[in-house]
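Inspection log for the structure reproduced underneath, given as structure tokens.
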Amino acid sequence: MNNLNRYKLQNGITVLYRQNKNTPRTAVNVFLNSLNNLSLEAGVANVMSRLLLQGTKKHSAEEIADIIDNNGFEFNIDVKHDYIRLQTYFLDEDFDVASDLIDEVLKESTFEKVQKEISKLRGELTADLDSPRLQAFDNLAKNMFPNHYYGNTYTKILDNLKNVTKDKVESFYQNIFSADNIVVSVVSSMDYEKIVDKLDKTLGVIENRSVERPKFLITPISESKTVTIAKKNSAQAQIVQGWLAPKLEDEDFFAMSVMNTALGACGLSSRLLLELRDKKGLAYDVRSSYESLKNTGIFTIYIGTEPKNIQISLDGFREEIGKIQNIPMSEKELSGAKNNLLGKRKYYHETNSQQAYYLAYYEFMGLGAEFDAEIFDRIEKVSAEQVQAVAQKYLDGNSIISVLATPEYVAGL
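With the first letter of the sequence shown counted as 1, position 81 gets the number 80 in numbering that gives the first Met the number 0; the numbers rise by one all the way through.
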């Protein structure tokens, strides 16, 4: 997967291209840096991104939907912590139609149906928050990042939707829609020259306004604390503990990824599952996760258990953390964790769409698209001592514990 071409459009937008002759389908990803003065306004980015497909100067929302459906396109817009991503996947023969539609929704959206999209978003978020597990994670994130856009959780968005206006949506769009703010990736069987020629005529004429981006600093967790949600008739307690962890560009990223895999992200063989579920019978679902972002990382341990087991589960978290901090992993376990992690990475690179995502993602994050291939070697070189060191460095720090359970069980936490 090293046949990577890099091209600068006439306005400076980076286009990353990889040819894959094995399938006649093209994947295009467009990443926009979502950082701007309205980043702390929870919900503005979400409403703006939804409106990109709800009408342009040329086509209504229904006409856009017809173009997508009639041509069999995948066409999605996602809002993440650090960026907004437009992703589309289509047959090579439809490249001109698809690229024109990408250009149109990015340049000519009218943002007319603000209140309608706010209403739809409110309904979707409310439905999602029926999940007790999601509520616990939501409460964790907004307490870990109280003054940062990483804390713009579902509940924060719901609380702020009443303040989202068309003016704010358009201002957000104007702030992020600049050539110096965009990365494009393409994976296709088509000729490279045809693709960049078309993109130069469309995305290549976007103005480069060099907008200054604000800086939002990550505040360290000043003290460990437990935050709770009392939920009547909740048969299960939802517990999630979170720590700040290495951001993507940190050298510790690789060892942290291996540590997370061994502790609770490699399925039936993970330590948390073997100890807390199989041996102690505390839960069916227990896992860890590690998300590396642009400004920090987040490491979490989650368990769903009977409310009477809340303290026992938290003690189990501490016990397993202590083991991985103080006892070096065996060569067999270390190798198994690496193989599991690298196997997942290979699986997540099977399609053109997946490959296009990772090329643009690592370029956007400042590491360069080439980093996608380098990760494999870097993970292979992680030692047991490095895993032990990151566990000591990050999991000895302050943390937030989020618990959702019935009132009588959260009262004393």
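Don't be surprised by glycine CBs; every beta carbon is placed ideally from N, CA and C. Predicted model, so just to flag it, every value in this text is computed and none were measured.
query: Which same chain residues, not among the five before or five after K246, have their C-beta less than 8 angstroms away from its C-beta?
result: F252, S291, L292, K293, N294, T295 and G296
query: Using the C-alpha atoms, what's the distance from R208 back to L403?
result: 46 angstroms
- prompt: Below 8 angstroms, can you find three or more Cβ-Cβ pairs linking the segment 175-188 to the segment 3-18?
  reply: yes
query: Would you call the segment 341-348 and the segment 152-170 touching, i.e. three or more CB-CB distances under 8 angstroms?
result: no
task: Reducing DSSP to helix, strand and coil, say where Y301 ends up.
output: strand
field: DSSP three-state assignment for D77, whether helix, strand or coil
entry: strand
- request: Could you please give me the residues that DSSP links to T13 through a beta bridge?
  value: K7 and V182, per the DSSP bridge assignment.
- prompt: What first and last residue would you give for the beta strand (DSSP E) that runs through E290?
  reply: D284 to S291
- request: Go through its chain and collect everything with a Cβ distance to E394's Cβ below 7 angstroms, but skip five positions before and after it.
  value: The amino acid at residue 394 is misidentified as Glu; the sequence shows Leu. The residues are W242, I320 and Q324.
message: By the DSSP assignment, the alpha helix (DSSP H) with G122 in it spans what residues?
response: V113 to D127
Nearest candidate by alpha-carbon position, reference K106, set G203, E330 and G411: G203
task: Taking 8 angstroms as the cut-off, decide whether the C-beta atoms of A264 and V389 are in contact.
output: no
query: Applying the criterion that 16 or more other CB atoms from any shown protein chain within 10 Å of the CB defines a buried residue, is L267 buried or exposed?
result: exposed
message: With the cut-off set at 8 angstroms, would you say V226 and I399 are in Cβ contact?
response: yes
- prompt: Start and end of the beta strand (DSSP E) containing G241?
  reply: A236 to A244
query: Roughly how many angstroms lie between the CA atoms of E379 and F370, to the nearest whole one?
result: 14 angstroms
task: Please state whether DSSP places K337 in a helix, a strand or coil.
output: helix
- request: Please confirm whether A26 and A355 have their CB atoms less than 8 angstroms apart.
  value: yes
message: Let's see if you can read the secondary structure: which residues bound the beta strand (DSSP E) around Q353?
response: Segment N351 to F363 is the alpha helix (DSSP H) holding Q353; no beta strand (DSSP E) there.
Same chain only: Cβ atoms within 7 angstroms of L262, ignoring 5 sequence neighbours per side: S269, R270, L271, S287, E319 and I323
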